[in-house]
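Below is one structure, written out as structure tokens; comments come after it.
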Amino acid sequence: MATLAPLATAPVERLHETWDARPGLYGILGTVDHKTIGKRYLVTALVFLMLGGLEALIMRVQLAHSDTHLLSPDAYNQLFSMHGITMIFWYASPILSGFSNYIWPLMLGSRDMAYPRVNALSYWTFLASGIFIYTALAIGQAPNDGWFGYAPMSLRAYNPGLNMDFYALGLIFLTVSTTVGAINFIGTVMKMRAPGMSLNRLPIFVYGTMTVSFSILFSLPALTAGSVFLFFERRFGMHFFDASQGGSPLLWQHLFWILGHPWVYVIVLPAMGMVSEMIPTFSRRPLVGYPYVALSTIATGLIGFGVWVHHMFATGLPAVSMSFFSGASFLITIPSAIAVFAWIATMWLGRPVWRTPMLFCAGFVVLFVIGGVSGVVTAAVPFDWQVTDTYFVVAHLHYVLIGINVFPVIGAFYYWIPKMTGRMMNETLGKWNFWTMFIGFNLGFFPMHIAGLLGMPRRVYTYPASSGWDTVNLITTIGAFLFAIGVLLFVINVLVSLRRGAFAGSNPWEAGTLEWAMESPPPPYNFAVLPIIRSRLPLWEDQLGDETPGMIPGEGHSHITEGVVLAEGRETFGTSPLEAEPLHVLHMPEDSLFPFLLAVAMLATAYGLVFSQWWLAIVGGLGMLACLVGWLWPRHLVTGERA
Amino acid sequence: MTTTAYDRTIPLGVHEGRAPGWWAMVWTIATEAALFAFLLFSFFYLGSQSRSPWPPSGPLSLRLALPDTFILVLSSLAYAWGERGIRAGHRARLQAGLAIAFILGLAFIIIQRIEWSQQPFGPGDQAFGSLFYTITGFHGAHVIVGLLMNILVQIWAARGTFTRESHLAVTNAGMYWHFVDIVWLFVFASLYISPRLG
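Protein chains in written order, with my numbering: chain A, 1 to 643; chain B, 1001 to 1198.
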């Protein structure tokens, strides 16, 4: 028996021939390599972070002083709407998809995601929908009704431009990207794990993205339905939100927040998962309470479906309904608290090494607690009534979203960029980066709580000097610029490290998970020999021995430096969903232009619809059909057996 | 040819367990089902808030819709019959089943189009009219997608792509077709029957 080949004997040249992207334009547009797609996701999402950040800075200049008229009210409406839409939909979720796309197969011990071409489609539609929504800003007709686009302001009678048409179509377009991405993650976690990587050995990061992928499948269609209604009402004279015609503006609020609140967890749970990877590495011990953190991740995803009405406490709903949603909103703090205690306990019981990623993780825990507390208090209906639509809510949501998304994301870049580029980022600059961001953030956003309690409403383009809000706003503006400088330091650090960074080697942090097993950057086929997994931290088995979590006595150790070759074609294992028993050898798809072309056809359709160029919409639709037929056309089947 | 860790050979291609492509269709259907759930949620929500009769022009006629429902259910049965054929290796039975399912599905769409033209209200008449045409239109679009899948599967069947062991496209298109039919039962019960109960 035995075809576990040692790593050194792997047919590396043949693997390269099989897995390298094709040279030239075809390879650039047609690649299905999850690492390339992941990096594109990360860079594109960072560009959206910069755009959203610029929009915020312009607004902060406007608000730095009372009675400023740098921006017209209409321009201000477009800016705060685009800022919110950009950050929440085109930055916060895609950046996490980028990390998941890049890291998952490496972490799971596979050569690719389950649906590589769908993965490419997910990226191209993300990019195309972003281009679409920014076309609106370029022609001065960007969405102008806030990121949650409430009716009746969104309806044609009050908003006759193309602004909200772009909003409705842009969100539907992005939905395609997010949905197919979620299906890809779920398919991957079910089928593409290394033999032996059973559910109790999955990294928490995988639990995070998996949970939110399910949330996406069941909540995102609410936004799709709402956006379709909005577009039909605006364009075809239908009635869904118009109360005079039997509709209800509250229908929009329900549909939006049924997606909107699970979405909050979509943009935080994978980030919390990344923290659960980094903290054990830098605390030099396994995560405390792994099963509780995994279960609380799933519990948060589930309870996340039952809290949407807490965004609507001020709309005059029945008290019974508000009590239920208020209770659920209190309840959801429990799984979050479990995770926080697990992180603190891991640091407490470990020997923390304060490298830059760890600083960001610790900063995240602090901000998460502050944002969590200001969230708990707004779960109480009477308090919520006092602060609804004030800067208190703005402060809360920025503590949550920047604290739980941006800080872990920047930390994760410091952590995983050495894997992606093979180069370390500068540690000194990293510490400057962290402290500038941390101080800038708190200086900028903490005073917003006070502005809110002083009664400053959100989304006002300016305010009179007599209101007494000048000082807090000036401090906020200074903090916002300091925070922006911090983000700039990060970008500089990345660019410098690409050329001058120290070489990272395969495992610069001496971490325990599988993505650190191969050289950095990883080869296109990820693993020259496919590993077999026997514990949760396969690379720490040497130090921890039989104490390694997830190890079953008598089952032996993981096989990393020897494994199964599978080099006859683009092949990897398909495993069973629970125990990760290898069931079959999957033949993976080659590079393909269809995902790119399909996204282009969708973009054409979207432009056709928004500008009422029906011929373009029809051409785009036919193009989509042609791409799908070409995509689905059966490939030559390979049969036989592999060991 | 075995591995030390797994004392057996591992086949190329999917013979045991489910293929990744099968799961992709399952989750696609799940998210589509959620979409229809939210469309119907909107229908019931606005219906419950309505201060005028719902539907405004009285309960919808079942004269065409009820037979149409049976046609769609029959179409699903025909597809299942054809799919059982290829599982036993009978290509001709698969092709016959697909053809019958296609004709019945097309009949459903045509009858629904006729029914649309006979409704006493248009898509701009009150929220009910908008919901009726949007929901049945969404469903109709899904039927058309199912018919296009049917054509593709039919072409591949004629080219001999499918065997007893390997016919995932037949299974996937079938799951989608059954899903579209089941959704119709929910749409029918909600739009046509539920206003008669209240």
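Just so it is clear, CB atoms sit at the ideal spot from N, CA and C, and this is done for glycine as well.
By the Cβ test, the segment 53-65 of chain A is not in contact with the segment 119-127 of chain A, since fewer than three Cβ pairs between them sit closer than 8 Å. Approximately 5 Å separates the beta-carbon atoms of Gly403 (chain A) and Gly371 (chain A); this is inside 8 Å, confirming the contact. In the DSSP assignment, Gly620 (chain A) falls within the alpha helix (DSSP H) that extends over 614-632.
Across the structure, Ala528 (chain A) and Pro11 (chain A) are spaced so that their CA atoms are roughly 8 Å apart. With its beta carbon less than 8 Å from one in chain A, Ile1010 (chain B) belongs to the interface. In the three-state reduction of the DSSP assignment, His559 (chain A) falls in the strand class, which pools E and B. Look at Ser1057 (chain B): its C-beta is not under 8 Å from any C-beta on chain A. Under the three-pair Cβ rule at 8 Å, the segment 188-201 of chain A does not count as touching the segment 248-260 of chain A. Here the alpha carbons of Asn526 (chain A) and Thr9 (chain A) stand approximately 16 Å from one another. For Pro531 (chain A), the uninterrupted beta strand (DSSP E) run begins and ends at 530-532, by DSSP. Under the Cβ criterion of 8 Å, Pro549 (chain A) is not counted among the residues facing chain B.
Residue-level contact check: Gln1154 (chain B) does not touch chain A, since none of the beta carbons of chain A fall below 8 Å from its beta carbon.
Using beta-carbon distances, Gly1124 (chain B) counts as an interface residue toward chain A, with a partner under 8 Å. Taken residue by residue, none of the segment 153-173 of chain A has a beta-carbon sitting less than 7 Å from a beta-carbon on chain B. Within the same chain, and ignoring the five residues on either side of Ser215 (chain A) in sequence, the residues whose Cβ sits closer than 7 Å to its Cβ are Pro262, Tyr265, Val266, Gly301, Gly304. Taking each of A:Ser122, A:Gly109, A:Leu544, A:Gly24 in turn and checking the Cα distance to Arg40 (chain A), the smallest one comes out for A:Ser122. A buried status is given to Leu1147 (chain B), since no fewer than 16 other beta-carbon atoms sit within 10 Å of its beta-carbon. Listed in chain order, the non-local C-beta contacts of Leu597 (chain A) below 6 Å within the same chain comprise Cys627, local neighbours out to five positions each way being set aside. Going by beta carbons, Phe503 (chain A) and Arg423 (chain A) fall inside the 8 Å limit. Boundaries around Leu586 (chain A) are those of the beta strand (DSSP E), 582-587, since no alpha helix (DSSP H) includes it.
For Leu25 (chain A), the number of other beta carbons within 10 angstroms of its own is below 16, and it is reported as exposed. In terms of beta-carbon proximity, Ser248 (chain A) lines the interface with chain B, with at least one pair separated by less than 8 Å. Of all alpha-carbon atoms in A:Trp432, A:Val381, A:Phe438, A:Val393, the one lying nearest the alpha-carbon of Val406 (chain A) is that of A:Phe438. Among the residues facing chain B, Pro582 (chain A) is included, as its CB has a counterpart in that chain under 8 Å away. With respect to Ser336 (chain A), Ile417 (chain A) sits apart: the two C-beta atoms are not nearer than 8 Å.
For Leu1012 (chain B), the uninterrupted beta strand (DSSP E) segment begins and ends at 1010-1012. Put simply, the CB of Ser576 (chain A) is near chain B, with a gap under 8 Å to one of its CB atoms.
Nearest to Ile186 (chain A) by alpha-carbon distance, out of A:Leu454, A:Trp614, A:Leu578, A:Gly563, is A:Leu578. Secondary structure note for Gly574 (chain A): its beta strand (DSSP E) is the uninterrupted segment 571-575. Listed as beta-bridge partners of Val564 (chain A) by DSSP are A:Leu530. Exclusion of the five residues before and after His16 (chain A) leaves Pro523, Pro524, Tyr525 as the residues of its chain whose Cβ lies within less than 8 Å of its Cβ. Within the segment 434-454 of chain A, no residue places its CB atom closer than 9 Å to a CB of chain B. Taking a Cβ-Cβ cut-off of 8 Å, the neighbours of Val585 (chain A) in chain B comprise Ile1010, Pro1011, Leu1012, Gly1013, given in sequence order. With at least 16 other beta carbons inside 10 angstroms of its own, Thr179 (chain A) counts as buried. DSSP places Pro457 (chain A) in the strand class (E or B) of the three-state scheme. Gly1047 (chain B) and Ala1127 (chain B) have their C-alpha atoms some 9 Å from each other.
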